Amino acid sequence: MTYSTGSHSKPCSIAVADINNDTILDIVVANFGSNSIGIFYGSSNGSFVSPISIFTNVSRPYSINIVDFNNDQLLDIIVANYGIQTVGIWYGLGNGSFSKRSEYSTGYDSLPSAVITADFNNDSRLDLLIADSGTNNIGVFLSDHGGRFKKLTLYSTGSGSRPTSVAVGHFNNDTLLDIAVANYGTENIGVMLGYSNGTFSQQIAHSLGTAKPYTISVGDFNKDNRLDLIATSNGTHNVAILLGSGNGTFLTPQMYSTGSSDSTSIAIGDFNNDDRLDISVVNNDIQSVDILLGYYQGFQNSSNYSTGSQPYGVAIGDFNNDYRLDIVVANKDSRNIGVFLQYENGSFADQVPYLTGSGPQSLAVGDFNNDSRLDIVVANEDSHNVGIFLGYGNGSFANQVTYSKGSFPSSVAIGDFNNDSRLDIVVANAGSNHIDVLLGHGNGSFADQLTYSTDYWPTAVAVGDFNNDSRLDIVVANAISDNVGIFLGYGNGSFTDQTTYSTGSWPTSVAVGDFNNDYRLDIIVANAGSNSVSVLLGHGNDSFTDQLTYSAGFWPTSVIVGDFNNDSRLDIIVANRDSNNIGLLFGYGNGSFLGDTTYTTGRLPDSVAAGDFNNDSRLDIVVANRGSNSVAVMLQYNIGALRHQTTITPGSGSGLRSFAVHDLNNDKQLDIVYAGFGSRVVGVLFGSGNGTFIHKAIYSTGSRPNYVVVGYFNNDAHLDIAVANDDSKNSYSTGIWPSSVAVGDFNNDYRLDIVVANIGDGSISVLLQYENGSFADQVAYSTGELSNSVAVGDFNNDFKLDIVVVNGDSRNISVLLGYGNGSFTNQTTYTTGWSPDSVAVGDFNNDIRLDIVVANAGSNNVGVLIGYGNGSFANQTVYLTGQSPSSVAVGDVNNDSRLDIIVANRDSNNVGVLIGYGNGSFANQTVYLTGQFPSSVAVGDLNNDSRLDIIVANGDSNNIGVLIGYGNGSFADQITYLIGEKPSSIVVGDFNNDYQLDIVVSNRNSDNLGILLGYGNGSFADPRTYLTSQHPSSVAVGDFNNDSRLDIIVANYDSNNIGILLGYATVSFAEQISLHTHITSAPQSFAVGDFNNDHQADISIAYPEADMIGIFFGYGNISFSQQTTYSTGTSSSPRFIAVGDLNSDTRLDIIVANCGTNNIGVFLGYGNGTFLDPLLFSTGDASCPVSMAVDDFNNDSVLDILVANRKENRVGLFLGYGNGSFHYQIVISSNYGSLPFSVVNADFDNDKKQDFVVGSDGDDSINVYLQSC
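Residue 672 in the numbering used here sits at position 668 of the sequence shown; the count goes up by one each step and never skips.
In structure tokens, the structure reads:
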């Protein structure tokens, strides 16, 4: 939602506070251009009223801050005045108005760009901090006792730094304020840690790469109780967030798009009261304020660890006193418990089993012998006892000591029931319908049980103080009785008889917590039989309200509580066994909950527990998956602490062959480029910097790509992509012989959808777009015979798009009214002339209702059907045209605000213009000569004179004609541009975002599209062609991926599909240049490097059929020398080539993967373009290495080699010694039958450790491995 700051206001800074004391946040903006301060007062619904302005004469306010500066309990405004080099203070008067300005000089040439207030020396008085962009420093004014300031103290931010903004906070948790500064000139964030006397350390700089930070602020954006930094970057479309480590250092920045190229200021606050920080950004270029709301990110993909058979219960605790949480699981059919100790990197060791009795089902942990070491208690259901495992504090445990219980003990809980500071145990015995209480002696042993009757089949037990008497009580879930029973404790280890409360069907799990923040414990129950959870709110006097129920998944078996989104409100996690997922219900803090969000688990999740496994102040989850015989650890999204493998599947049939890793979009995050052999595309997966990838872009290669590499081929500082093609698009199936295509948002989701007219089967196909830019399979609707043209519009004024299609052999049109959800009514038909061939829509009689015009090719006329505005139309009125009118378009060609009709007369070789009278009738046509067989016509202002021009595709002349309009309904003679064979459809649009109209035409017999970029004067550049499928018959344009760039959709007549070409504004590729190798060489892989130290890029190529490599030396102008070759050995069949300095002599070496001889060969370079004979390193018998990555994987500053061994389904790592030799291969296995074909390395999670990604075409997947040590 945006709010105007006024014409020419140039807002430069923003702050948020409650200015008028109405408990609602307001926004204050410094308007540099209009010399004013704008105040937007907030409303209770999150919107803001029009601004109130305070004018500042010629001060040029540049930075703004709001605080109670004079301790009068009223907020004041402080502004850095860039134009007069002062700091100005407006003191608040308490009613939303302010005093006159008080000023303080910041020094000659200081150019103050930011000011804030803070108490830097802990004297309870506010001081001033200023960023001086003119003198490359920050200045601190410490306050004295009289409300004045001491002498200004300056701190350098570096030569040329031009600091533009400052912020303060406790970055290292030492109670002293620290400073963060945005250094625009040096492209970094500077941090100065504070001392107790109000002085500061030297600056520590954090680079933002090429982003120029403009404004900086602080806040805890990831809810880990550590301050983070957020900065806007002028000219980069980015907001950068640097997550704080709590010790004064910060992680690598994460970048977010703002949609503006000049985001000059930022402020934070909770605008929607969800206890998460939101962001407001001032956009100088579009003069608006943007609001970005923070949201909960949920859990990452799980890491799975094998357990014993049938894990039923899970619990957590620190069993070896290393301050890391460990896991214990009850393996029912294995008759043991498994203990998983956590490693320092967040992963877990294999389980260590300990024998139990039969059927261990439920677990709890606690210190039973008061030795500060955690112990374990387990309910052995089939042995009718509980087992105690005393911990040694090192992660190991003594053998169990058992205590006999009732029949089928199913659940166990612990607590101090007699207030003797010793833990006791309560057990629910499902088979004997009672609970047992075992009072602890404090030495690990327990007294004989005390028994209390329950209802039928008690399956779960929990403890809590329900009546606020400081004595623990017990709640038990009675499954068959469909209730819970409450046993109030006397504080001496004995309990009252139970009081029951109804639940849902078959309650299986119970937990307690204060869900409405009234300091009274409430109860949550998982009802397996009714697929729900019940909430019983406690009155604090041992009674509870009737249950409130919330839907869960199928057969919920376990429930826990915790604050999972750090909003100080308890939430609920429920394990839905038969849905194979867990559900998360967010608490509102009033006892109600938001409907659950689900996360997939393994099979049959039976139990769940929560804890902070990676010490990031967020609760994580561990799930026991009974059907998968595993436990799954699910970490909350945070800062990359999780080490796990992520699988990315580009799509079925993609036929992955090769990929490369690089930062393609200059966002300082690594991206993946892959070659899709099967889908005939090059795809780009953009990295988000945390090991995940988003925004897949697809580029057609025109053939089958085998290999892809990224490099600077023409020394223009822009990364280029090179692809080796073995053998042609991003397409979607339609009906038979698609002949016409149109676009529109058919389901009102703000994404463009597609409709196709299928001439061969008398139907239309509707393809709805998904959020990721791809499209659903077609939904077909029957029309008439020979459906050959389609258009869209809102024919019944219900704000839902409808469809009209021309049926050539049925001599009618079909109108399908849209429901607004992507579906349509059955057709209603209207009679036309003979062989209608084209349709267009427009309001011809100015009644705000859409009308239809049809080109009747067989009748040599156009038919106009006036719309009634309810989806129905009058009978056609016909107007004579030339012979065989084949295409029709509408537009106001004489600037009289009335729509006119333009028609291409195919057999007359002309276009006809019918001037509209504005009442639905038209003048006789005026004709203009074209080329032969004009098949398509479009209109647009091609020379920017505010007059419509005509563009026509001349099918048999193989050209397009441009007729410049005079604005009075007449046109100049056509100017022609050669194009491909049989141009069949033409559309105009601005494809390169230069505000000049361009032309796209489908060349039916050339199987391509031609794009002619416009110069804005009515002339056009030569066409650029893009391959399509067979016989493209119709073309349309729209922004399908919401990137503000026009995309193209084409109907491929003989391929029975449509193709989508995504637009990439301002970026184009030169025509390819071919380097010829030997006729039998079969080039398969290549790498780029400067092999002869002439500062030009050279190309090295592996030839598997010729058993050699070749080198083309580059001249720097995209031309190359004749190749030089080196043998790789008889029958070596080199499948991959890579480069790197392997012996630390500053000269590039070459490495090849020899599939035929099962080794890698290292060619050490002399630095002049020549190389030694290869050194060979075995990859294993029958391994067939096919891909490599070269980098420093163990951070010893020496290059290593990672190799994909295809036939052994594994990856091998050769650690380098720095002299060109290597340690023996370390093997990393992948899935059987995966057939890895490519491997690439990169630091995907910004932990300064090299990770790698493996592509496998055996299972068509990409697997990312993150390094954990």
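C-beta: ideal position from N, C-alpha, C; glycine also.
Since we're looking at a predicted model, the values are computed, not measured.
The continuous beta strand (DSSP E) containing phenylalanine 1181 extends over residues 1179 to 1182. In this structure, glycine 959 sits near lysine 986, with a CB-CB distance shorter than 7 angstroms. Assignment of beta strand (DSSP E) within the segment 542 to 573, counting only whole runs of 3 or more residues, yields 552 to 555 and 560 to 566 in chain order.
Serine 555 and glutamine 640 have their C-alpha atoms roughly 23 angstroms apart. Closest option to tyrosine 1228, judged by alpha-carbon separation, among Thr139, Leu1217, Gly1222 and Gly1237: Leu1217. Of the candidates Gly252, Gly435 and Ser1038, Gly252 places its Cα closest to the Cα of histidine 174.
Close CB contacts of serine 767 within its chain, under the 7 angstroms cut and outside five residues either way in sequence, are with Gly739, Ala784, Tyr785, Ser786, Thr787 and Ser791 (chain order).
Between threonine 121 and isoleucine 68 the beta-carbon gap is near 12 angstroms, outside 8 angstroms, which marks them as no contact. Under the three-state reduction of DSSP, tyrosine 66 is assigned to strand.
Here the alpha carbons of valine 53 and glycine 46 stand approximately 6 angstroms from one another. Nearest to proline 462 by C-alpha distance, out of Gly468, Asn472, Asn1267 and Val480, is Val480. In the DSSP assignment, the residues bridged to glycine 1014 are Val1005 and Thr1029. In this structure, alanine 1208 lies near serine 1191, with their beta-carbon atoms less than 7 angstroms apart. In the DSSP annotation of this structure, the continuous segment of the beta strand (DSSP E) that includes lysine 104 starts and ends at 102 to 109. Checking the DSSP bridge columns, you'll see isoleucine 954 partnered with Val943 and Leu967. With respect to the C-alpha of aspartate 72, the residue from Gly98, Ser562, Tyr86 and Arg64 having the closest C-alpha is Gly98. The beta-carbon distance between leucine 903 and valine 894, rounded to whole angstroms, is 5 angstroms. This is short enough to meet the 8 angstroms contact definition. The three-state secondary structure of arginine 328, taken from DSSP, is coil. Collapsing the DSSP output to three states places arginine 1139 in a strand. The beta carbon of alanine 613 is closer than 6 angstroms to those of Val318, Ala319, Ile320 and Val626 in its chain, skipping five residues each way along the sequence. Contact annotation, alanine 451 with valine 430: C-beta distance approximately 13 angstroms; criterion of less than 8 angstroms not satisfied. When DSSP states are grouped into helix, strand and coil, serine 839 belongs to the coil group. For the pair valine 991 and phenylalanine 558, the Cα-to-Cα distance works out to about 52 angstroms. Note that the segment 1199 to 1214 touches the segment 1137 to 1148; at least 3 beta-carbon pairs, one per stretch, sit closer than 8 angstroms. Closest in alpha carbon position to isoleucine 1115, among Gly1133, Ser1135, Thr1134 and Pro1087, is Pro1087. Apart from sequence neighbours up to five positions away, the residues of its chain that approach leucine 158 with a beta-carbon distance below 6 angstroms are Asn141 and Gly143, ordered along the chain.
Straight across, the Cα-Cα distance linking aspartate 847 with arginine 853 is about 6 angstroms.
Under a 10 Å Cβ-count criterion, glycine 916 is classified as buried, with 16 or more other Cβ atoms of the shown protein chains found around its own Cβ. Taken through DSSP and simplified to helix, strand or coil, tyrosine 1057 comes out as helix. DSSP, read as helix, strand or coil, puts serine 376 in coil. Where tryptophan 741 is concerned, there is no enclosing beta strand (DSSP E), because DSSP gives it neither an H nor an E. Annotation: serine 1059 to glycine 748 spans about 23 angstroms, alpha carbon to alpha carbon. Shown here, serine 408 sits in a strand according to DSSP, grouped into three states.
Cβ contact annotation for serine 457 (same chain, cutoff 7 angstroms, sequence separation greater than five): Asn437 and His438, in chain order.
Taking 8 angstroms as the upper bound for CB-CB distance, threonine 110 and serine 137 are not in contact here, some 11 angstroms apart. Spatial neighbours of threonine 930 in its own chain (CB-CB distance under 6 angstroms, excluding positions within 5 residues in sequence) are listed in chain order as Val917.
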